[in-house]
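I have placed the structure first, in the form of structure tokens, so that the comments after it can refer back to it.
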Amino acid sequence: MIATSSLELRAGARLLVSGVTIRINSGDRIGFVGRNGAGKSTLAKVLAGQTLPAGGQVNRSGTIGYLPQDPRTGDEAGTVL
Numbered sequence: 523m524i525a526t527s528s529l530e531l532r533a534g535a536r537l538l539v540s541g542v543t544i545r546i547n548s549g550d551r552i553g554f555v556g557r558n559g560a561g562k563s564t565l566a567k568v569l570a571g572q573t574l575p576a577g578g579q580v581n582r583s584g585t586i587g588y589l590p591q592d593p594r595t596g597d598e599a600g601t602v603l
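With our numbering, you'll find the sequence shown wraps up at 603, consecutive numbering, no jumps.
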């Protein structure tokens, strides 16, 4: 389960999300839809614990799976195959 309280996300000085409360239960599968720069990737990283929110709380229990937008790493980065 993931629960947020009064979540605030920023990209530099730009406010992306403010005062958001979310509850995601075990077994739920979620996705984010929105315009470019709206904070979808930032929200996913905060929920997965990869980055900290600008404000508010995030509580996690159990295992959380997260597929990054650009999963390239190591020697494979920058190659087609």
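Glycine is no exception: its CB is placed at the ideal position from the N, C-alpha and C atoms.
- Q579 bridges to which residues according to DSSP? As a first step, residue 579 is located in the sequence shown; it is residue number 57 there, counting from the start. Q579 is bridged by DSSP to S527.
- Query: Between the C-alpha atoms of Q572 and D592, what's the straight-line distance to the nearest angstrom?
  - Reply: Indexing the sequence shown from 1 puts residue 572 at position 50. Indexing the sequence shown from 1 puts residue 592 at position 70. Their Cα atoms are separated by approximately 14 Å.
- Query: Under 8 Å between the Cβ atoms of P590 and E530?
  - Reply: The residue given as residue 590 occupies position 68 in the sequence shown. The residue given as residue 530 occupies position 8 in the sequence shown. No.
- Query: Do you know offhand how far G534's Cα is from V555's?
  - Reply: By 1-based counting over the sequence shown, the position of residue 534 is 12. By 1-based counting over the sequence shown, the position of residue 555 is 33. Straight-line Cα distance between these residues: approximately 22 Å.
- Query: Terminal residues of the continuous alpha helix (DSSP H) containing V568?
  - Reply: In the sequence shown, the residue the question calls residue 568 occupies position 46. Per DSSP, V568 is one residue of the alpha helix (DSSP H) stretching across 562 to 570.
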